[in-house]
Amino acid sequence: MIVQIIFRELNLEDIPRIYEISSKIWDGDDYVPNIIEEWLEDKKCYNYAVINKDGIKNQLIAFGRIKILSSDLFWFEGGRVDPEYQKQGIGKKMMDFSLNYAKEH
């Protein structure tokens with residue numbers, strides 16, 4: 114099944130879902146829950162949510178962070194996809210989104 118997604122900026126209300134997704138990966142030992150609030154305060158980066166338009170209305174199913182290092186270099190980090198939605202091309206769409214964002218900024 115192809116999941117229809119949209120991208121939007123992460124916000125504080127997303128933190129519980131970020132914790133939930135992070136608990137399902139890296140054997141529950143993910144670093145993101147320890148720094149997500151700091152990330153959200155950092156306005157030099159773009160922290161984004163991937164939202165499932167199908168199924169549970171507006172459910173966050175993945176997230177990532179883009180840091181522009183220079184005019185021709187960016188860093189993608191913290192990319193996480195809920196295991197229930199893995200193997201559906203969402204990670205690739207996140208990379209494409211990140212690349213396009215970096216080109217525009």
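Under this note's numbering, the first residue of the sequence shown carries the number 114, and numbering increases by one thereafter. Heads up, the beta-carbon is just placed ideally off N, CA and C, and yes, glycines get one too. Predicted model, so just to flag it, every value in this text is computed and none were measured.
Cross-strand partners of Tyr161 (DSSP beta bridge): The residue given as residue 161 occupies position 48 in the sequence shown. Its beta-bridge partners are Glu122 and Gly177.
Alpha-carbon spacing of Leu153 relative to Ala175, whole angstroms: Residue mapping note: residue 153 aligns to position 40 of the sequence shown, counting from 1. Residue mapping note: residue 175 aligns to position 62 of the sequence shown, counting from 1. Roughly 15 Å between the two C-alpha positions.
Ile181 vs Phe187 beta-carbon contact at 8 Å: Translated into positions along the sequence shown, residue 181 becomes position 68. Translated into positions along the sequence shown, residue 187 becomes position 74. It is a contact, given that the beta carbons lie within the stated cut-off.
Ser184 (DSSP reduced to helix, strand or coil): Position 71 of the sequence shown, counted from the first residue, corresponds to residue 184. Per DSSP, reduced to three states, the secondary structure at Ser184 is coil, with no helix or strand assignment.
Simplified DSSP assignment, three categories, for Val194: Against the sequence shown, residue 194 aligns to sequence position 81. Three-state DSSP puts Val194 in a strand.
Supposed close pair Ile203, Ile134 - CB separation, criterion 8 Å: Working through the sequence shown from its first residue, we reach residue 203 at position 90. Working through the sequence shown from its first residue, we reach residue 134 at position 21. In fact, because the Cβ distance is near 12 Å, the residues do not count as touching under 8 Å.
N-terminal and C-terminal residue of the alpha helix (DSSP H) that Gly204 is part of: Start at 1 with the first residue of the sequence shown, and residue 204 comes out as number 91. Taken as a continuous stretch (DSSP letters only), the alpha helix (DSSP H) holding Gly204 covers Ile203 to Glu217.
Own chain residues within Cβ distance below 7 Å of Asp167, not counting five before or after: For the purposes of this step, residue 167 is taken as the residue at position 54 of the sequence shown. Around Asp167: Val116 and Gln117.
Where the alpha helix (DSSP H) through Ile169 begins and ends: Here the question's residue 169 lines up with position 56 in the sequence shown. Unbroken run through Ile169: none, as it is neither H nor E.
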